[in-house]
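See structure below.
Residue numbers (the numbering used here): 1 to 359.
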């Protein structure tokens, strides 16, 4: 049971439409947005300092937007940690906790539901030590599917609450409209937070900045938004230039991902180092960076980078962008922007996820 409140009975209020829902959350949204802009601005000044957290006590920490909690500047990605084996994934999680990397990312669908199950077993006895996040995979489908995913995620993760629950992979042109229609997945976020099953809510995506901006136009009081940020992004269909400023204006905590472009190819090809790539992202006004860590060696490398992190100056960031500019080539390294990683066809979505939803 979460320490911040007692678990209540399931809300039996009938489904509401988007207009009524937005009306109900309007006062809350206005209040938290005004407070959030100033608090996030204060928190983000940490990105300008050599250290943004506790000296000598694990990883530096930053404010998670307006939530009132702090998180490590590095988070463990829920996909990569399980690429090798369940046993290695378990060892990565436990070593990360010992080192102060206590923000854990996951998603309902990762490795056909296995990522949540393995993480849940590893976290037995450690749940109170970590900030746990996972995501629903509705892909244009509604509240009912979202709530099903939540219950399945909670069971697999071995907990009765999440610190953060996000909508995964918002990227189709009609996703914003579908999210906010009557019975849409946004209602699942709102209900789960009201019930105390999740503390904070947000959305993710890495395909098109315009889709992120269209979601934000609905003025829903998201706590977080996860988005791809790296030195290549600044030159092609840029989330850094288009979405990040809007998140800061609204007081929504930016959670960065894809610092190595999702597959590390720019590092493998010697275009830049992993430390340069990570430093660039952490020098942006983000709350944390979700890092794909598939071995204890990579974990130790990234921990060392985060612990000795000193922000780049604006001049250093500009020089790095210029240095890699010849390799941008219409999103060459950012495959998630240029290739369809999932179908926007709802029948295909049902086919892809139906089996997992019955598990």
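Every residue gets a Cβ at the ideal spot worked out from N, C-alpha and C, and that includes glycine.
Give the C-beta separation of residue 179 and residue 215 to the nearest angstrom, bearing in mind that I take them to be a contact with Cβ-Cβ under 8 Å.
7 Å
Below 8 Å on the Cβ atoms is my contact criterion, and I expect residue 225 with residue 252 to pass it. Report the Cβ-Cβ distance as a whole number of Å.
Going by Cβ atoms, the distance from residue 225 to residue 252 rounds to 5 Å, so yes, they are a contact pair.
Suppose you measure from the CA of residue 355 to the CA of residue 349; what does that come to, to the nearest Å?
11 Å
Per DSSP, what kind of secondary structure is residue 190 in: helix, strand or coil?
helix
If you follow the alpha helix (DSSP H) that residue 175 is part of, which residue opens it and which one closes it?
175-180
Quickly, what does DSSP pair residue 291 with across the bridge? List them, please.
76
Write down the C-beta distance between residue 244 and residue 254 rounded to the nearest angstrom, noting that I regard them as a contact closer than 8 Å.
6 Å
How about residue 277 and residue 267: are their beta carbons less than 8 Å apart?
Contact: yes.
Cβ atoms of residue 109 and residue 360: under 8 Å apart, would you say?
Examination of residue 360 is not possible in this model, given that the chain is present from 1 through 359 alone.
Would DSSP call residue 203 helix, strand or coil?
strand
What do you reckon, are the CB atoms on residue 167 and residue 220 nearer than 8 Å?
no
May I have the straight-line CA-CA distance separating residue 101 from residue 59, to the nearest angstrom?
7 Å
DSSP three-state call for residue 338: helix, strand or coil?
helix
Helix or strand or just coil, what does DSSP make of residue 254?
Note: residue 254 maps to strand in three-state DSSP.
Return yes when the Cβ of residue 172 is within less than 8 Å of the Cβ of residue 353, no when it is not.
no
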